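*Asks:*
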Amino acid sequence: MVIRRILLGVLTLFLLSLLVFAATQVLPGDAAQAVLGRTATPAALHALRLRLHLERPALVQYWLWISSLLRGHPGMSLATQGPVWELVSSRLVNSAVLLALVSACAIPLSLLAGVVAAVRRDRAFDNVTSLAALAVAAVPEFVIAIALILLLASAVFHLLPPVSLVPPGTSVWSKPSILVLPVLTLTLAVFPYIFRMIRASMIEALGSEYVEMALLKGMPLRRRVLAHALPNALPPAVQAVGLTLAYLAGGVVVVEYVFGYPGIGQGLVSAVNARDLPTIQLTVLLFAGFYVMVNIVTDVISLLLTPRLRTR
Amino acid sequence: MSVTWQALRASTWFRAARTTRGWVGLVLVGVVTVIALAGPLLAPFSPTMLVGAPFGAPGGGHLLGLEYVGRDTLARVLDGGIRILPLAAIATAGGVGLGAFLGISAGYRGGAYDEIVMRTLDVLLAVPQIILALLLVSLAGASPLLVGTAVVLIHAPQVARVARAATLRAAQEDFVRYSQALSDPPLRIMLNDVLPSVAGPLLVESALRLTYSIGIIASLNFLGLGTRPPFPDWGAMINENRIGIDQNPWPVVVPVALVAVLTIGASLFADALARVTAGLELGSEGVVVKQEADGRDA
Chain A
22 MVIRRILLGV LTLFLLSLLV FAATQVLPGD AAQAVLGRTA TPAALHALRL RLHLERPALV
82 QYWLWISSLL RGHPGMSLAT QGPVWELVSS RLVNSAVLLA LVSACAIPLS LLAGVVAAVR
142 RDRAFDNVTS LAALAVAAVP EFVIAIALIL LLASAVFHLL PPVSLVPPGT SVWSKPSILV
202 LPVLTLTLAV FPYIFRMIRA SMIEALGSEY VEMALLKGMP LRRRVLAHAL PNALPPAVQA
262 VGLTLAYLAG GVVVVEYVFG YPGIGQGLVS AVNARDLPTI QLTVLLFAGF YVMVNIVTDV
322 ISLLLTPRLR TR
Chain B
73 MSVTWQALRA STWFRAARTT RGWVGLVLVG VVTVIALAGP LLAPFSPTML VGAPFGAPGG
133 GHLLGLEYVG RDTLARVLDG GIRILPLAAI ATAGGVGLGA FLGISAGYRG GAYDEIVMRT
193 LDVLLAVPQI ILALLLVSLA GASPLLVGTA VVLIHAPQVA RVARAATLRA AQEDFVRYSQ
253 ALSDPPLRIM LNDVLPSVAG PLLVESALRL TYSIGIIASL NFLGLGTRPP FPDWGAMINE
313 NRIGIDQNPW PVVVPVALVA VLTIGASLFA DALARVTAGL ELGSEGVVVK QEADGRDA
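In the order they appear, the protein sequences are chains A and B.
Okay, so the first sequence: first residue is 22 according to this note's numbering, each after it adds one.
Okay, so the second sequence: first residue is 73 according to this note's numbering, each after it adds one.
Printed below as a string of structure tokens:
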């Protein structure tokens, strides 16, 4: 089961590398012309074609690219002329910091709110939180980000820096206040999904016969919720958390761009604007690899939390 | 057959619009839609004409002041919606249509065709939505056509999953087996028997997808990948003008509010539609969440 999932993940990544390669290098006519623009000199075009191996057949191009990628040489950036990996790795660390902080804030908060909303169903807290979750889930992340900037960093209150710029080579920890707004934005953005999922599965668990039995035995509310309903409501919540992490990988792109946060998402937007092919290719594959990995880990955890599925 | 289907669909819409969430959502979407569609006719100035200094404060005939190069904010707001709403509607229709076709045919025919179609769509699902769009525009450059294509490709896999799951249920029904026994051609069975019975889930899915389309298109415009300057759209306006928030916040505040009202309204109506459809078919609550989960994990 687990091995099958991993093999499927590898297959997905392989197909995806074909797709990424086709979209960036093979399909849209002459990649060299697209990178350099219409004003490029024939000599510069020729040099770039040689560098990207554009004069070889597409399959050979793909093989040269993927084999050097797998050996840990993703090539040189077309924008900075430095190794792509150097460009990407520090951004990767910054994005991981952001992701970890958001997970640490959003997961406990939304799990707690979901459980409370389910226990006090159709009361004030549940109604207000559910409606707020619907509204927040509907608006795009950049709208949340700009609204927070308007509220906390400019028009209304001047509490926090509106941008998260740090000088190159400096750690994002050097000024922790720049982390607040990006973390807050992404926390709000992912809250609704986990909240709704845990609320729905808790309501189902609380209405089940074993919880009713516990009630009839005179068990106190706290123990009914924590010891009986919650363990059965957790597997769907783990799925929701997994989906959320996978979703966050996309969410960081826009949010990092809004705040100028030096992460991999903002790096991708810059690479697209600079038409830096090797950087785009590597970054997209890293995103997809993360997504596939999160899905596999999520499935394994659900398996461990659901004894019923293990024997199948 | 088609008459009763239409009547049923009409009543689903009608019942959704009668719930509180439904009519509030419809009103919100309606207001923004009117602004977007009638706006270009009402604009007091040309949206591309320079009329004063950058970020000029409101006054002197400029109700919302001026934006980052000194054009009238109100004129640009009124002209900016037309580049989001129609594209969102067309791209949603395209994504739902493609997804429904792939999902129904895969679910009905099964076998190797099913495997290949669904596995290919899984590959698209492994790329975060916004990154798929960035990949598409990375070389060909920014354009509304590519943004629309990106939205279609983003929606198709998810819609296909929903349509496939509904088709698998419908294929067990007696009326489908009856048509099969009469050896009707598969295409006719899919169109006449399967499609009407998956229309309910597809309708709910379309409403949800429209909300996402608006969000994705606005986000891509915000990143500068949609409309080409000097023409305005709400997403791009927010990005262009945020450096001047302290001088004149209106060119940011008004487009942000419009995008927020539009997406929240569409989402409220989609929620009402989902609840009404769920009440019709399943009669239990919490189904909205379940359908989302089905769409992703099925």
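Just so it is clear, CB atoms sit at the ideal spot from N, CA and C, and this is done for glycine as well.
It should be emphasised that the depicted structure is a prediction, and the values quoted were computed from it without experimental measurement.
#1: Closer than 7 Å, CB to CB, is B/Val-361 near chain A or not?
#2: Give me the Cα-Cα distance between B/Ile-162 and B/Val-106, rounded to the nearest whole angstrom.
#3: Alpha helix (DSSP H) containing A/Ala-65: first to last residue?
#4: Given a threshold of 16 other Cβ atoms within 10 Å of its Cβ, counted over all protein chains shown, does B/Thr-164 qualify as buried or as exposed?
#5: Rounded to the nearest angstrom, what separates A/Arg-244 and A/Ala-166 at their Cα positions?
#6: In whole angstroms, what is the alpha-carbon distance linking A/Ala-142 and A/Gly-288?
#7: Report yes or no: is there a C-beta of chain B within less than 7 Å of the C-beta of A/Ser-175?
#8: Roughly how many angstroms separate the alpha carbons of A/Phe-35 and A/Ser-88, rounded to a whole number?
#9: Run the CB neighbour count on B/Met-309, radius 10 Å, all protein chains shown included, and call it buried at 16 or more, exposed below.
#10: With a threshold of 7 Å between beta-carbons, can B/Ser-291 be considered close to chain A, or not?
#11: When the distance is taken between beta carbons, is B/Ile-289 closer than 7 Å to B/Leu-159?
#12: Taking only runs of the alpha helix (DSSP H) that begin and end inside the region 226-311 of chain B, which ones reach a length of at least 4 residues, in chain order?
#13: Is B/Gln-252 close to chain A? Criterion is C-beta to C-beta, closer than 7 Å.
#14: What residue from B/Val-331, B/Ser-251, B/Phe-294, B/Gly-169 has the CA that sits closest to B/Arg-314's CA?
#15: Tell me which residues share the same chain as A/Ser-116 and place their Cβ nearer than 8 Å to its Cβ, disregarding the 5 neighbours each side in the sequence.
#16: Do you know how far the Cα of A/Phe-178 is from the Cα of A/Leu-172?
#17: How big is the Cα-Cα spacing for A/Leu-306 and A/Ala-292?
#18: For the alpha helix (DSSP H) that contains A/Met-218, what are its first and last residues?
#19: What does A/Ala-270 reach in chain B if we use C-beta pairs closer than 9 Å?
#20: How far does the alpha helix (DSSP H) with B/Tyr-140 in it extend, from its first residue to its last?
#21: Within the 7 Å Cβ cut-off, does A/Gln-300 reach chain B?
#22: Suppose the cutoff is 6 Å on Cβ atoms and the five residues either side in sequence are ignored; what does the same chain contact list for B/Pro-301 look like?
#23: Looking only at its own chain, which residues have a Cβ that is under 8 Å from the Cβ of A/Val-318, when we skip the five neighbours before and after it?
#24: Are the CB atoms of A/Pro-183 and A/Ile-199 within a distance shorter than 7 Å?
#25: Could you give the distance in angstroms between the alpha-carbon of A/Gly-63 and the alpha-carbon of A/Ala-295?
#26: Could you pull the start and end residues of the alpha helix (DSSP H) that A/Gln-82 belongs to?
#27: Are the CB atoms of A/Ala-267 and A/His-249 nearer to each other than 7 Å?
#28: Do you know how far the Cα of A/Ala-309 is from the Cα of A/Asp-320?
#29: Using the C-alpha atoms, what's the distance from B/Leu-240 back to A/Ala-261?
#30: Please report whether the beta-carbon of B/Val-331 lies at a distance below 7 Å from any beta-carbon of chain A.
#31: For a cutoff of 7 Å on Cβ pairs, would you count A/Thr-33 as touching chain B?
#32: Quick one: Cα of B/Leu-330 to Cα of B/Ala-344, how far?
#33: Bridge partners of A/Met-240, per DSSP?
#34: Check A/Ala-258 in the structure and name its three-state DSSP category.
#35: For my contact list, B/Pro-116 and B/Ala-147 are in at a C-beta cut-off of 8 Å; report their separation, rounded to the angstrom.
#36: Using C-beta distances below 7 Å, list every residue in its chain close to B/Leu-122, excluding the 5 sequence neighbours before and after it, in chain order.
*Replies:* According to the structure data:
#1: Counting from one through the second sequence, the residue named residue 361 of chain B turns up at place 289. Its pLDDT being 41, under 50, B/Val-361 is placed unreliably in this model, and the value from its coordinates should be taken loosely. Closer than 7 Å to some Cβ of chain A, the Cβ of B/Val-361 qualifies, so yes.
#2: Counted from its first residue, the second sequence places residue 162 of chain B at position 90. Counted from its first residue, the second sequence places residue 106 of chain B at position 34. Near 17 Å, if we compare the C-alpha coordinates of B/Val-106 and B/Ile-162.
#3: Locating residue 65 of chain A in the first sequence gives position 44, where the first residue counts as 1. A/Ala-65 -> alpha helix (DSSP H) spans 63-72.
#4: For this step, residue 164 of chain B is matched to residue 92 along the second sequence. That one is buried.
#5: Position 223 of the first sequence, counted from the first residue, corresponds to residue 244 of chain A. Position 145 of the first sequence, counted from the first residue, corresponds to residue 166 of chain A. Roughly 39 Å between the two C-alpha positions.
#6: Sequence index remark: in the first sequence, residue 142 of chain A carries index 121 (1-based). Sequence index remark: in the first sequence, residue 288 of chain A carries index 267 (1-based). For clarity, residue 142 of chain A is Arg in the given sequence; the question names Ala instead. The straight-line gap from Cα to Cα measures roughly 44 Å.
#7: On the first sequence, residue 175 of chain A is found 154 positions in, with the first residue counted as 1. For A/Ser-175, the answer is yes, since a Cβ of chain B falls inside 7 Å of its Cβ.
#8: The count along the first sequence starts at 1 and reaches residue 35 of chain A at position 14. The count along the first sequence starts at 1 and reaches residue 88 of chain A at position 67. If I take the Cα positions, the gap works out to 12 Å.
#9: Here residue 309 of chain B refers to the residue found at position 237 of the second sequence. It counts as buried.
#10: Locating residue 291 of chain B in the second sequence gives position 219, where the first residue counts as 1. B/Ser-291 counts as touching chain A.
#11: To locate residue 159 of chain B, count along the second sequence from 1; it is residue 87. To locate residue 289 of chain B, count along the second sequence from 1; it is residue 217. Cβ distance < 7 Å, so B/Leu-159 and B/Ile-289 count as in contact.
#12: 246-253, 258-261, 267-294
#13: By one-based count along the second sequence, residue 252 of chain B stands at place 180. No, B/Gln-252 lies away from the interface with chain A (no Cβ there is under 7 Å from its Cβ).
#14: Reading the second sequence from its first residue, position 242 is the one you call residue 314 of chain B. Closest option to B/Arg-314, Cα to Cα, is B/Phe-294.
#15: Position 95 of the first sequence, counting from 1, holds the residue named residue 116 of chain A. Closer than 8 Å at the Cβ level, and outside the excluded window around A/Ser-116, lie Val-273, Glu-277, Gly-284, Ile-285, Gly-286.
#16: Taking the first residue of the first sequence as position 1, residue 172 of chain A is located at position 151. Taking the first residue of the first sequence as position 1, residue 178 of chain A is located at position 157. So the alpha carbons of these two residues sit roughly 6 Å apart.
#17: Within the first sequence, the letter at position 285 stands for residue 306 of chain A. Within the first sequence, the letter at position 271 stands for residue 292 of chain A. If you take the alpha carbons of A/Leu-306 and A/Ala-292, they lie about 14 Å apart.
#18: Sequence index remark: in the first sequence, residue 218 of chain A carries index 197 (1-based). It spans 198-227 - the alpha helix (DSSP H) in which A/Met-218 sits, taken as one unbroken run.
#19: As a position in the first sequence, residue 270 of chain A is number 249, starting the count at 1. Those within 9 Å of A/Ala-270 in chain B are Pro-200, Ile-203.
#20: As a working note, residue 140 of chain B is residue 68 in the second sequence. Element bounds for B/Tyr-140: n/a, residue is neither H nor E.
#21: Within the first sequence, numbered from 1, the residue matching residue 300 of chain A stands at position 279. At residue 300 of chain A the sequence reads Thr, which differs from the Gln that was named. Not one chain B Cβ lies under 7 Å of A/Thr-300.
#22: For the purposes of this step, residue 301 of chain B is taken as residue 229 along the second sequence, with counting starting at 1. Closer than 6 Å at Cβ, skipping near neighbours: no residue.
#23: For this step, residue 318 of chain A is matched to residue 297 along the first sequence. Cβ within range, chain order: Gly-263.
#24: The residue given as residue 199 of chain A occupies position 178 in the first sequence. The residue given as residue 183 of chain A occupies position 162 in the first sequence. Not a contact, by the Cβ cut-off of 7 Å.
#25: Translated into the one-based positions of the first sequence, residue 63 of chain A becomes position 42. Translated into the one-based positions of the first sequence, residue 295 of chain A becomes position 274. Here residue 63 of chain A is Pro; the residue named in the question, Gly, does not match the sequence. Their backbone Cα atoms lie some 20 Å apart in a straight line.
#26: Here the question's residue 82 of chain A lines up with position 61 in the first sequence. Run containing A/Gln-82: 79-91, per the alpha helix (DSSP H) assignment.
#27: Reading the first sequence from its first residue, position 246 is the one you call residue 267 of chain A. Reading the first sequence from its first residue, position 228 is the one you call residue 249 of chain A. Their beta carbons are not under 7 Å apart, which means A/Ala-267 does not touch A/His-249 by this criterion.
#28: As a working mapping, residue 320 of chain A is identified with position 299 in the first sequence. As a working mapping, residue 309 of chain A is identified with position 288 in the first sequence. Looking at the two C-alpha atoms, the distance is approximately 17 Å.
#29: Walking along the first sequence from the start, residue 261 of chain A turns up at place 240. Walking along the second sequence from the start, residue 240 of chain B turns up at place 168. The straight-line gap from Cα to Cα measures roughly 25 Å.
#30: One-based indexing of the second sequence puts residue 331 of chain B at position 259. Yes, because at least one Cβ of chain A sits closer than 7 Å to the Cβ of B/Val-331.
#31: One-based indexing of the first sequence puts residue 33 of chain A at position 12. Judged by the 7 Å Cβ criterion, A/Thr-33 is in contact with chain B.
#32: Here residue 330 of chain B is taken as the residue at index 258 of the second sequence, counted from 1. Here residue 344 of chain B is taken as the residue at index 272 of the second sequence, counted from 1. Computed Cα separation, rounded: 21 Å.
#33: Here residue 240 of chain A refers to the residue found at position 219 of the first sequence. Answer is none; A/Met-240 lacks a bridge partner.
#34: Looking up residue 258 of chain A in the first sequence gives position 237. Three-state result, A/Ala-258: helix.
#35: Stepping through the second sequence from its first residue, residue 116 of chain B is reached at position 44. Stepping through the second sequence from its first residue, residue 147 of chain B is reached at position 75. With a Cβ gap of about 6 Å, B/Pro-116 and B/Ala-147 count as contacting.
#36: Taking the second sequence and counting its residues from 1, the one referred to as residue 122 of chain B is at position 50. Correct list, in chain order: Val-141, Gly-142, Arg-143.
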